[in-house]
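Residue numbers (UniProt numbering): 1 to 177. We treat Cβ as the ideally placed atom computed from N, Cα and C, and that holds for glycine. One structure is given here, and the rest of the page talks about it.
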């Protein structure tokens with residue numbers, strides 16, 4: 001009986017430890033900044049969900065990739081679309097898209113729009129572009145931007161994107177001082 005009881009207790013502890021993990025991936029989209037959402041392909045491919053969220057602008061950080069085939073014709077005239085053809089690979093150079101994406105997001109938010117930035121899973125490419133936005137437009141450091149987003153959504157940019165964001169952070173710190 002003791003081994004059964006200890007096995008049940010350890011299973012129960014494992015379940016308790018797993019709860020935060022399950023919750024991390026619970027949402028297909030999360031508002032990480034006022035009117036700015038990070039999401040995955042399932043919400044991006046569901047026009048009804050976008051309508052319910054009031055999304056007016058979509059930035060697809062996986063444009064042209066499998067299951068992320070968003071386009072102006074898919075969303076129609078009610079949603080403005082911007083595509084970034086990024087691979088979720090540490091060797092992919094996402095940095096040329098940091099400033100254009102930040103500008104797209106800021107211009108939309110300036111008009112009281114609601115913006116969804118998405119990729120396939122909503123944790124690496126899209127998160128990296130939103131981190132860059134917070135750094136460029138709101139003068140957050142990389143660590144501050146990560147902490148801000150993590151208040152609302154679990155993110156996990158790949159190591160290559162983190163290196164590029166760190167370079168952006170250094171560049172922005174240098175120009176501000």
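Going along the chain, which residues of its own chain have a beta-carbon closer than 6 Å to the beta-carbon of residue 126, five neighbours each way excluded? Residue mapping note: residue 126 aligns to position 126 of the chain shown, counting from 1. Cβ neighbours of residue 126 beyond the five flanking positions: 38, 61, 117, 118, 119.
Is residue 58 near residue 49, with beta carbons less than 8 Å apart? Working through the chain shown from its first residue, we reach residue 58 at position 58. Working through the chain shown from its first residue, we reach residue 49 at position 49. Inclusion of residue 58 and residue 49 in the CB contact set at 8 Å is not warranted, their separation being larger than that value.
Once the 5 residues before and after residue 168 are set aside, which same chain residues still bring their CB inside 8 Å of it? Numbered from its first residue, the chain shown carries residue 168 at position 168. 95, 98, 132, 135, 136, 142.
Start and end residues, beta strand (DSSP E) containing residue 38: By 1-based counting over the chain shown, the position of residue 38 is 38. 36-39 is the extent of the beta strand (DSSP E) around residue 38.
Can you tell me whether residue 16 is buried or exposed, with buried defined as 16 or more other CB within 10 angstroms of its CB? Taking the first residue of the chain shown as position 1, residue 16 is located at position 16. Per-residue confidence for residue 16 stands at a pLDDT of 39, beneath the threshold of 50, marking its modelled position as unreliable; no derived number is given.
Determine the extent of the beta strand (DSSP E) in which residue 81 is found, giving its start and end residues. Within the chain shown, numbered from 1, the residue matching residue 81 stands at position 81. Per DSSP, residue 81 belongs to the beta strand (DSSP E) from 80-83.
In angstroms, rounded to a whole number, what distance separates the CA positions of residue 150 and residue 72? As a first step, residue 150 is located in the chain shown; it is residue number 150 there, counting from the start. As a first step, residue 72 is located in the chain shown; it is residue number 72 there, counting from the start. When rounded, the distance between both Cα atoms is 30 Å.
Proximity below 8 Å, CB of residue 209 to CB of residue 109: Since the first and last residues shown for the chain are 1 and 177, residue 209 lies out of range.
Exposure label - residue 129; buried when at least 16 CB within 10 Å: As a position in the chain shown, residue 129 is number 129, starting the count at 1. Result: buried.
Thinking just about the alpha-carbon of each residue, which of 92, 124, 45, 123 is nearest to the one in residue 76? Residue 76 sits at position 76 when you count from the first residue of the chain shown. Closest by alpha carbon: 45.
On the CB-based measure, 16 or more other CB atoms within 10 Å of its CB, does residue 122 come out buried or exposed? For the purposes of this step, residue 122 is identified with residue 122 of the chain shown, where counting begins at 1. By the beta-carbon neighbour count (other beta carbons within 10 angstroms, threshold 16), residue 122 is buried.
Spatial neighbours of residue 140 within its chain, please: CB distance less than 6 Å, with the 5 preceding and 5 following residues excluded, ordered by chain position. Residue 140 sits at position 140 when you count from the first residue of the chain shown. The residues are 134.
Let me check one thing: in DSSP terms, what residues is residue 62 bridge-paired to? Numbered from its first residue, the chain shown carries residue 62 at position 62. DSSP output for residue 62 lists 85 as bridge partner(s).
Would you call residue 138 buried or exposed, if buried means 16 or more other Cβ atoms sit within 10 Å of its Cβ? For the purposes of this step, residue 138 is taken as residue 138 along the chain shown, with counting starting at 1. Exposed: under 16 other Cβ atoms inside 10 Å.
By the DSSP assignment, the alpha helix (DSSP H) with residue 30 in it spans what residues? As a position in the chain shown, residue 30 is number 30, starting the count at 1. Per DSSP, residue 30 belongs to no alpha helix (DSSP H); it is in the beta strand (DSSP E), 29-33.
Boundaries (first-last residue) of the beta strand (DSSP E) holding residue 94: Locating residue 94 in the chain shown gives position 94, where the first residue counts as 1. Premise fails: residue 94 is in no beta strand (DSSP E) and is neither H nor E.
Around the Cβ of residue 124, are there at least 16 other Cβ atoms within 10 angstroms (buried) or fewer (exposed)? For the purposes of this step, residue 124 is taken as residue 124 along the chain shown, with counting starting at 1. Answer is buried; the Cβ neighbour count reaches 16.
Whole-angstrom Cβ separation of residue 56 and residue 30, contact assumed at under 8 Å? Within the chain shown, numbered from 1, the residue matching residue 56 stands at position 56. Within the chain shown, numbered from 1, the residue matching residue 30 stands at position 30. Actually they do not touch by this definition, with Cβ atoms about 17 Å apart.
For the alpha helix (DSSP H) containing residue 130, list its first residue and its last residue. The residue given as residue 130 occupies position 130 in the chain shown. From DSSP, the alpha helix (DSSP H) with residue 130 extends over 125-138.
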